[in-house]
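Protein chains in written order, with the working numbering: chain A, 434 to 547; chain B, 2 to 114.
Here's what the structure looks like:
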């Protein structure tokens, strides 16, 4: 069975600090996809990144970076120089290869204080 | 390109009633998935429709059903509403070419009293 754990329920940082959101997953599949979504107060989930299980390269997109480590079943997300607009709930999710259903973690609420 | 739209955005129903929610995917997308979000259970997958056929189903009772039309628009129906059905219902669409990248709508907030 698939399971995604986001142990950090809430995080507060001061603007311009770096912050890392943790994600640990469980799956018996050898092929799977991992995702990060952002949910601002408006409620709409915004896609941030997708990673497949064969691609362990870290990725950087502007102030965002992702660290995928298959050995520890982790897919962590770092925001560098945080901004107030980064305040949101962030969800890590997993899907099986060939399926379109996402298993979500419980989310981490990030508050960036000006 | 217009995003995923969901109607209505807010809904208040009484226990025992039924409700129908609508989702219009991004133009050209053929897959529509539905999710329920509650404070207690988080985000949970309900079902997915692709080319008018239900392709995948989550672990929800039969009171939750859906359908997809030939234009890819989808509806979700919940019969005999219970207080625990109060939730944000999110719809997501994907285009099949980038199969696993789902785009979410703003959701319908359902309150059951």
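Every residue, glycine too, gets a C-beta built ideally from N, C-alpha and C.
- Between the C-alpha atoms of residue 83 of chain B and residue 449 of chain A there is a straight-line separation of about 45 Å.
- For residue 478 of chain A, the nearest CB of chain B lies under 7 Å from its own CB, placing it at the interface with that chain.
- A direct Cα-Cα distance of roughly 22 Å separates residue 490 of chain A from residue 531 of chain A.
- Bounds of any beta strand (DSSP E) do not take in residue 456 of chain A, whose DSSP letter is neither H nor E.
- Listed in chain order, the beta strand (DSSP E) runs fully inside the region 41 to 66 of chain B are 43 to 51 and 54 to 58, counting runs of at least 3 residues.
- CA-to-CA, the gap between residue 86 of chain B and residue 511 of chain A works out to about 34 Å.
- Shortest Cα-Cα distance from residue 463 of chain A to any of A:526, A:486 and A:476 involves A:486.
- Nearest Cα to residue 465 of chain A within the set A:503, A:547 and A:524: A:503.
- Within its own chain, the residues whose Cβ lies closer than 6 Å to the Cβ of residue 23 of chain B, once the five positions on either side in sequence are excluded, are 8 and 76, listed in chain order.
- Here the region 515 to 522 of chain A makes contact with the region 441 to 455 of chain A; the two share three or more CB pairs at distances below 8 Å.
- Residue-level contact check: residue 105 of chain B touches chain A, since one or more beta carbons of chain A fall below 7 Å from its beta carbon.
- Of all residues in the region 471 to 496 of chain A, those with a C-beta nearer than 8 Å to a C-beta of chain B are 475, 476, 477, 478, 479, 480 and 483, reading in chain order.
- For the region 511 to 533 of chain A, the set of residues with a beta-carbon nearer than 7 Å to any beta-carbon of chain B comprises 524, 528, 532 and 533, in chain order.
- Only residues of its own chain outside the window of five on either side were considered, and among them 19, 20, 64, 65 and 86 have a CB closer than 7 Å to the CB of residue 79 of chain B, listed in chain order.
- When DSSP reads this structure, residue 14 of chain B sits in a beta bridge with B:113.
- Within the region 26 to 54 of chain B, those residues whose Cβ lies closer than 7 Å to any Cβ of chain A are, in chain order, 32, 34, 43, 44, 46 and 49.
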